[in-house]
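Structure, as structure tokens:
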Amino acid sequence: MAELRTKAEHTEAIRTERRVCVVVNTRSRRGRRRYPQVLRILRAEGFDILGLFPVEDPRHLRAILDGALEAGPDLLVVGGGDGTLSAAVKHVAHRDVALGVLPLGTTNNFARSLGLPLDLAGAIRVLRTGKVADIDLGVAGDREFANLASFGVSVEVAGTVKPWLKRLLGRAAYPLTALTVLPGHRPFRAFITVKGRRHELLTHQLNIANGRFHGGWQVARDISIDDGLLVAYQLGSGKRLRLLLETLVRAATGRWRSLAGGPFVIGTEMYLETDPPMAADVDGEVRLMTPLTIRTVPNGLRVMVPEDFVDS
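Here the sequence shown stands for residues 11 to 322, where the numbers follow my numbering.
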């Protein structure tokens, strides 16, 4: 692996040379409509665009990302939803290139965790005026991820929510779809082992977060994508009504507790077992099953963030 520049050197290279490749998922909620605007603003901000890579078929995303990196940019600018960005994270991780995030999805959890403006012009301005930071990666089994591994009713919701509903309602489409899925969903028992201590719970929904946001709402006031920790938490309990009420409260108010006072399990590595065995939704990809080890890799990914982002 090639030696990495210091973050200060990398930041200076991006600010002065502005060598970028641009990958935009034109199948995402806003990607196709905003693609011309992305190019116009990047050029207006003085970026040297080494290559343009619109993604019209997500099955080709990995090959497209490989092609973009072969051009040797200092900054790989990626626009799309959290699934697109999670794929980009796997390509950029541990390499001497920074990821520039354009929030063009429904919930934009990763962009929110980085403290980025959610308007396109603001996000691109950060690419010019911000700094390179290194943040944590999550690893579920052998799969790196940016934001979240989830288990339970949300896996079924992710496979059920209609694209037209996401386009119409944005992030509110998920809790509304959950209303139709939940009546037939059975609770499960989860066992989370951290540092030799085994935690047991009965629930319909379990999340293990590396990032700060889920569904567009904050997980906890004091969580960070750069603190070296995973945070596991359940929504509701084994009772459907409690999950429904808690989900609606979060959707309506975004109210979350502090890590110090909330019902959270915190650690750098977690071993998760479930009864029955369950599929894992890892940043939108459902390819793994429990039991599963989930851990963090501190400072595994370089990203462009605002100047006031706390880079620990």
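Every residue, glycine too, gets a C-beta built ideally from N, C-alpha and C. All values reported here derive from a predicted model rather than from experimental measurement.
Practice task
List the DSSP bridge partners of Q47.
Solution key: DSSP, once it has assigned bridges, lists no residue as partnering Q47.
Problem - Distance, V241 Cα to V320 Cα - result: 19 angstroms
Exercise for the section: Report back the beta-carbon spacing between L137 and V87 to the nearest angstrom; my notes put them in contact at under 8 angstroms. Expected result: 7 angstroms
Practice task
Quick one: which unbroken alpha helix (DSSP H) runs of 4-plus residues sit fully inside the segment 73 to 121? Chain order, please.
Solution key: 92 to 102
Handout entry: Buried versus exposed call for T306 [16 or more other C-beta atoms within 10 Å across all chains shown]
Key = buried
Exercise for the section: Take the Cβ of D318 as the centre, count every other Cβ of all protein chains shown within 10 Å, and call the residue buried at 16 or more, exposed below. Expected result: exposed
Handout entry: Enclosing beta strand (DSSP E) for K17 [first to last residue]
Key = Where K17 is concerned, there is no enclosing beta strand (DSSP E), although the alpha helix (DSSP H) it sits in stretches over K17 to T26.
Problem - Residue range of the alpha helix (DSSP H) that includes G151 - result: Taken as a continuous stretch (DSSP letters only), G151 belongs to no alpha helix (DSSP H), as it is neither H nor E.
Practice task
Just grab the DSSP bridge partners of M288 for me.
Solution key: According to DSSP, which records beta bridges pairwise, M288 is partnered with nothing at all.
Exercise for the section: Can you tell me the Cβ-Cβ gap for N119 and L128, rounded? I've got them flagged as a contact below 8 angstroms. Expected result: At roughly 11 angstroms, the Cβ-Cβ gap does not stay under 8 angstroms, so N119 and L128 are not in contact.
Exercise for the section: For S96, count neighbouring C-beta atoms within 10 Å of its own C-beta (all shown protein chains included) and say buried if the count is 16 or more, exposed if not. Expected result: buried
Handout entry: Among A81, R37 and Q228, the one whose alpha carbon lies nearest that of R122
Key = Q228
Handout entry: Span separating the alpha-carbon of E154 from that of I51
Key = 31 angstroms
Problem - Candidates H104, D106 and L71, of which the one nearest G91 by Cα - result: L71
Handout entry: C-alpha distance - A131 paired with L311, whole-angstrom precision
Key = 24 angstroms
Problem - Through-space distance from T139 to R231, alpha-carbon basis - result: 26 angstroms
Problem - Own chain, CB closer than 6 angstroms to T284, minus 5 neighbours either side, in chain order - result: F198, A200 and T300
Practice task
Starting from G162, trace the beta strand (DSSP E) both ways and give me its first and last residue.
Solution key: L158 to G162
Problem - Environment of P83 [buried if 16+ CB atoms lie within 10 Å] - result: buried
Handout entry: Chain-order list of residues whose beta-carbon lies under 8 angstroms from that of V107 (same chain, five-residue window excluded)
Key = L79, P83, D84, L85, L86 and R312
Practice task
Would you give the residue range spanned by the alpha helix (DSSP H) that R135 belongs to?
Solution key: L130 to T139
Practice task
Consult DSSP for H214 and reduce its assignment to one of helix, strand or coil.
Solution key: coil
Practice task
Helix, strand or coil for R42, going by three-state DSSP, please let me know.
Solution key: helix
Practice task
Reducing DSSP to helix, strand and coil, say where R37 ends up.
Solution key: coil
Handout entry: Distance between H224 and A261 (C-alpha atoms, nearest Å)
Key = Annotation note: pLDDT 48 at A261 (below 50); position unreliable, coordinate value reported separately. In a straight line, the C-alpha of A261 is about 11 angstroms away from that of H224.
Practice task
Report the partner residues of R196 according to the DSSP bridge assignment.
Solution key: Per DSSP, none; premise fails for R196.
Exercise for the section: Give the secondary structure of P68 by DSSP, where H, G and I count as helix, E and B as strand, and everything else as coil. Expected result: helix
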